[in-house]
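Asks:
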Amino acid sequence: MRLHSTNKKSPEVSFKEALFTALPDDNGLYLPTKIPQLEPAFFTAISDLNLQEIAFRVSNLLIGDEVPEPALTDIIEEAINFDAPLISLTDRLNILELYHGPTLAFKDFGGRFMSRMMSHFLEQEDKEITILVATSGDTGSAVANGFLGVPGIKVVILYPSGKVSEFQEKQFTTLGKNVVALELDGTFDDCQKLVKQAFLDPQLNAKINLTSANSINIGRLIPQSFYYFYAYAKASQSKKPVVFSVPSGNFGNLCGGILAQRMGMPVQKFLAATNVNDVVPEYLLSGNFKPRPSEHTISNAMDVGNPSNFARILNLYHNDWDLLKQELVGYRFDDTQTSKAVLEVSGTYNYTLDPHSAIGYLALKDFLEKNNSGSVGVALSTAHPSKFSEVVENIIGSKVIIPERLRHVLAKNKVSIRIPNDYDKLKEFILLA
Numbered sequence: 080m081r082l083h084s085t086n087k088k089s090p091e092v093s094f095k096e097a098l099f100t101a102l103p104d105d106n107g108l109y110l111p112t113k114i115p116q117l118e119p120a121f122f123t124a125i126s127d128l129n130l131q132e133i134a135f136r137v138s139n140l141l142i143g144d145e146v147p148e149p150a151l152t153d154i155i156e157e158a159i160n161f162d163a164p165l166i167s168l169t170d171r172l173n174i175l176e177l178y179h180g181p182t183l184a185f186k187d188f189g190g191r192f193m194s195r196m197m198s199h200f201l202e203q204e205d206k207e208i209t210i211l212v213a214t215s216g217d218t219g220s221a222v223a224n225g226f227l228g229v230p231g232i233k234v235v236i237l238y239p240s241g242k243v244s245e246f247q248e249k250q251f252t253t254l255g256k257n258v259v260a261l262e263l264d265g266t267f268d269d270c271q272k273l274v275k276q277a278f279l280d281p282q283l284n285a286k287i288n289l290t291s292a293n294s295i296n297i298g299r300l301i302p303q304s305f306y307y308f309y310a311y312a313k314a315s316q317s318k319k320p321v322v323f324s325v326p327s328g329n330f331g332n333l334c335g336g337i338l339a340q341r342m343g344m345p346v347q348k349f350l351a352a353t354n355v356n357d358v359v360p361e362y363l364l365s366g367n368f369k370p371r372p373s374e375h376t377i378s379n380a381m382d383v384g385n386p387s388n389f390a391r392i393l394n395l396y397h398n399d400w401d402l403l404k405q406e407l408v409g410y411r412f413d414d415t416q417t418s419k420a421v422l423e424v425s426g427t428y429n430y431t432l433d434p435h436s437a438i439g440y441l442a443l444k445d446f447l448e449k450n451n452s453g454s455v456g457v458a459l460s461t462a463h464p465s466k467f468s469e470v471v472e473n474i475i476g477s478k479v480i481i482p483e484r485l486r487h488v489l490a491k492n493k494v495s496i497r498i499p500n501d502y503d504k505l506k507e508f509i510l511l512a
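For the sequence shown, my numbering begins at 80 and goes up steadily by one.
1) Is Tyr311 helix, strand or coil by DSSP?
2) Just curious, the beta strand (DSSP E) that Asn173 is in, first and last residue?
3) Can you give me the Cβ contacts of Asp217 inside the same chain, cut-off strictly under 8 Å, excluding the 5 residues immediately before and after it?
4) So for Leu432, helix, strand or coil by DSSP?
5) Along the alpha helix (DSSP H) that carries Ala339, what are the first and last residues, could you check?
6) At the level of alpha carbons, what is the spacing between Tyr309 and Asp501?
7) Closest Cβ-Cβ distance between Arg81 and chain B: below 8 Å?
8) Are the beta-carbon atoms belonging to Val346 and Phe330 less than 8 Å from one another?
9) Grouping DSSP H, G and I as helix and E and B as strand, with all else coil, what is Leu254?
10) What's the gap between the Cα of Leu364 and the Cα of Ser138?
11) Give a yes or no on whether the C-beta atoms belonging to Tyr440 and Val424 are separated by under 8 Å.
12) Taking only three categories from DSSP, how would you classify Tyr238?
13) Enumerate in chain order the residues of its own chain whose CB-to-CB distance from Tyr81 is below 8 Å, with the five nearest sequence positions on each side excluded.
14) On the criterion of 16 or more Cβ atoms from any shown chain inside 10 Å, does Arg191 qualify as buried, or is it exposed?
15) Please confirm whether Tyr428 and Leu168 have their CB atoms less than 8 Å apart.
16) Are Ser215 and Gly298 closer than 8 Å when you measure CB to CB?
17) Look at Gly336 and Val325 and say whether their C-beta atoms are less than 8 Å apart.
18) Give me the Cα-Cα distance between Leu422 and Lys404, rounded to the nearest whole angstrom.
19) In terms of DSSP beta bridges, what is Pro111 paired with?
20) Helix, strand or coil: how does DSSP classify Ser465 here?
21) Taking contact to mean 3 or more Cβ pairs, one atom from each stretch, closer than 8 Å, check whether the region 249–257 and the region 277–284 are in contact.
22) Have a look at the DSSP bridge pairing and note the partners of Ser138.
23) I believe Ser317 touches Val455 by the beta-carbon criterion, under 8 Å. Please report the beta-carbon distance rounded to the nearest angstrom.
24) When you compare each of Glu156, Asn388, Ala512 and Asp382 to Ser244 by their alpha carbons, which one comes out closest?
25) Using 8 Å for Cβ pairs, my map puts Thr266 next to Ser373. What's the rounded Cβ distance?
26) Tyr306 by DSSP, collapsed to three states: which one?
27) If you compare alpha carbons, which of Pro360, Ser387 and Gly219 is closest to Gly107?
28) If you measure between the beta carbons of Leu459 and Leu117, is that distance less than 8 Å?
29) Using a 10 Å radius around the Cβ and a threshold of 16 neighbouring Cβ atoms, would you call Asn296 buried or exposed?
30) Per DSSP, what kind of secondary structure is Lys206 in: helix, strand or coil?
31) Out of curiosity, what's the CA-to-CA distance linking Asp413 and Lys449?
32) How far does the beta strand (DSSP E) with Ser460 in it reach, from first residue to last?
33) Could you have a look at Ser452 and say whether DSSP puts it in helix, strand or coil?
34) If I follow the unbroken beta strand (DSSP E) through Tyr410, where does it start and stop?
35) In three-state DSSP terms, what is Phe267?
36) So, using beta-carbon positions, are Arg136 and Phe121 closer together than 8 Å?
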């Protein structure tokens, strides 16, 4: 597997190099130079495959001989050891539950796959690496839990103070061992900017082996394609065209779906569903990409004003606005609309959505109502509602059942280090960690 930078000013690299480097030195993002195609026979038989079998077939085709098949099988079986059930609310509207991993969020797919993949390569070398990751909520917990106790790896989580839920925060500030949480006086966009600055700092990178576990890393992107194939296998049994609605913040999740499509998976439309941080829906209307400071919402993990992965999406569409608009539809919903959706689904279907998944539901519902073409829709549900229980319970007026693996985390003491929005302070900490 060879990968190129979206900015096209850095040399091509192998999968292993991209995994550990995270960012090219031209500040682009890595993408496969050539996206391989799955055989038509794969899609003919896909409904007979389980999630692990699909994950193996897809990752083996992408990564090739860089990871031997027996090792890749072990990585998949250990990392993707939970299901992603497709729940039908109506005959056309389905919810893909991606929160059955250990941290109750879809980012367990990427965090666990990436940690096992890095561990595989590190077993062959005698070196230590430091993972620096910015999080608006669930990335931090998925990465921290995925890499907890992995030999040779230190993990530094950077997150915006007061802008993640208590459950999310406790999941990555109570672990200890090789995981340290830095609480930044700023927004997620500030965190993301500092992380990128660190990766492009030659002095810092000369002293330590620094890499990222954010969705900017190709090791996170590949496993985010697995569940699209899995959902397609189930939804396509109706013999109708499939539409995917994706709650979007940093746009790595949607990028995983587009990668699946580029490998041959039939998709009628992708719906990019955002909260009021709607720079991508605005781009789809105007053709102008204008990042801006993020606004805080009840769907906090999507509070991103400058989504990094959108550069990948533009690259996959050859920076062609007209082509992008043919396959991608943008939606934007505010907190009031989001709350009404949570209440509506609870009352109508006796089903509870978290505030992020509710945005995906709203976009899909609108699309299906306005496009009576016989298509079937899949809205991605990215987190268990208990992770946002305070918000959800206030909306629906009843308690949300908290799974035991989340409940025990709340009893632990938070341990974090407060730092200012200052790159030199972050750099100083990383060098001393």
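Where a beta carbon is used, it is the ideal one built from N, C-alpha and C, also for glycine.
Replies: Checking against the coordinates, here is how it stands:
1) helix
2) In the DSSP annotation of this structure, the continuous segment of the beta strand (DSSP E) that includes Asn173 starts and ends at Leu172 to Glu176.
3) Thr182, Ala184, Phe185, Lys186, Gln247, Ala380, Thr461, Ala462 and Lys466
4) coil
5) Gly331 to Arg341
6) 43 Å
7) Considering every chain present, this structure includes no chain B. It has just one protein chain.
8) It is not a contact, given that the beta carbons lie outside the stated cut-off.
9) coil
10) 34 Å
11) yes
12) strand
13) In the sequence under discussion, the amino acid at residue 81 is Arg, which differs from the Tyr named in the question. Excluding residues within five positions, the ones whose Cβ falls inside 8 Å are Glu91, Val92, Ser93, Pro111, Thr112 and Lys113.
14) buried
15) Taking 8 Å as the Cβ cut-off, Tyr428 and Leu168 qualify as a contacting pair.
16) Note that the C-beta distance between Ser215 and Gly298 is not below 8 Å.
17) yes
18) 31 Å
19) Leu82
20) helix
21) Using a C-beta cut-off of 8 Å, the region 249–257 makes no contact with the region 277–284, since fewer than three inter-stretch Cβ pairs fall below that distance.
22) Its beta-bridge partners do not exist; DSSP assigns none.
23) 5 Å
24) In terms of CA proximity to Ser244, Asp382 leads the group Glu156, Asn388, Ala512 and Asp382.
25) 5 Å
26) helix
27) Ser387
28) With contacts defined as CB atoms closer than 8 Å, Leu459 and Leu117 fail to qualify as a contacting pair.
29) buried
30) coil
31) 20 Å
32) From DSSP, the beta strand (DSSP E) with Ser460 extends over Val455 to Ser460.
33) coil
34) Leu407 to Arg411
35) helix
36) The criterion of a C-beta distance shorter than 8 Å is satisfied by Arg136 and Phe121.
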